[in-house]
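Okay, so here's the structure we're looking at.
In the working numbering, the protein residues as written are 35 to 304.
This is the structure:
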């Protein structure tokens with residue numbers, strides 16, 4: 035019989051270190067690249083830069099806090115609830131924002147490849163800045179309920195929804211605003227971009243940096259589709275089986291698979 039708790043403990047011990055180190059290096063390098071003078075005036079670069087910043091916030095509030103707990107560094111008594119609420123908010127809000135910045139980049143590529151002058155006008159620096167700001171505001175409002183729905187105990191080691199309704203609402207929000215809608219939008223605008231490119235004359239003098247950004251976007255979309263799938267399946271399964279009678283071993287296995295699916299999603303930020 036597999037020792038699921040031992041496997042889960044090992045996963046929670048090593049994965050935060052791996053994700054934090056690799057994610058810090060990768061996202062900081064991305065920030066340096068996309069703030070270069072040759073790229074920072076590209077609308078698509080703004081989305082990649084915003085995505086990298088969102089990834090860093092997610093990594094540090096999800097992984098660094100777990101690492102501190104491993105070393106016995108706890109939140110001071112009396113601040114557990116505040117710490118808990120900010121931690122979950124600054125983990126899942128930017129995680130969701132990161133996926134929507136990829137969607138925005140897909141929309142930008144669709145607009146820039148369109149034969150319509152009106153649609154191409156959406157691929158501008160000022161538009162991308164407005165979309166980035168609007169995305170942050172919209173997702174802050176969506177995830178603001180975490181400041182009501184989550185509580186932590188006195189030493190900050192437990193952070194959980196305060197009611198079954200809050201648990202269901204948060205699972206549903208993560209499913210819709212991270213796991214389902216962004217991938218659907220990516221596929222939709224990606225397909226329309228391919229259609230636009232096929233119906234337009236080939237321009238061999240096209241900007242090399244634009245082609246590089248398009249290639250980076252394709253790779254990012256594929257990786258996101260793969261890594262967001264496990265958490266989608268896990269959330270749907272949890273919702274379907276919420277009223278099932280479960281053995282201890284099944285609960286341990288589901289807890290392990292939940293952590294695996296979460297780490298898969300966090301891997302995309304690295």
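In this text, a Cβ means the ideal position worked out from N, Cα and C, and glycines have one as well.
Sequence-distant partners of residue 202 (beyond 5 residues in either direction) whose C-beta falls short of 8 Å from its own C-beta, in its chain, are 273, 276. The Cβ neighbour count for residue 282, taken over all protein chains shown within 10 Å, is under 16; the residue is labelled exposed. The distance from the Cβ of residue 79 to that of residue 68 is about 5 Å, consistent with a contact at the 8 Å cut-off. Relative to the Cα of residue 223, the nearest Cα in the group 114, 200, 248, 90 belongs to 248. With contact defined as three or more Cβ pairs closer than 8 Å, the stretch 164-174 and the stretch 193-208 are not in contact.
Contact holds between the stretch 117-137 and the stretch 82-91, because three or more Cβ pairs, one in each stretch, are under 8 Å apart. In the same chain as residue 148, and ignoring 5 residues on each side of it, the C-beta atoms closer than 8 Å to its own belong to 154, 230, in chain order. When C-alpha distances from residue 54 are compared across 97, 81, 61, the shortest belongs to 97. Non-local beta-carbon contacts of residue 121 in its own chain, meaning distances under 7 Å to residues more than five positions away in sequence, involve 95, 99, 193 in chain order. Cβ neighbours of residue 265 within its own chain (closer than 6 Å, five residues either side excluded): 213, 295, 299. Rounded to whole angstroms, the gap between the alpha carbons of residue 279 and residue 288 is 13 Å.
In the DSSP assignment, residue 64 falls within the unbroken alpha helix (DSSP H) covering 38-68. One Cα belongs to residue 49, the other to residue 64, and the distance between them is close to 22 Å. At a Cβ-Cβ threshold of 8 Å, residue 268 and residue 291 count as neighbours.
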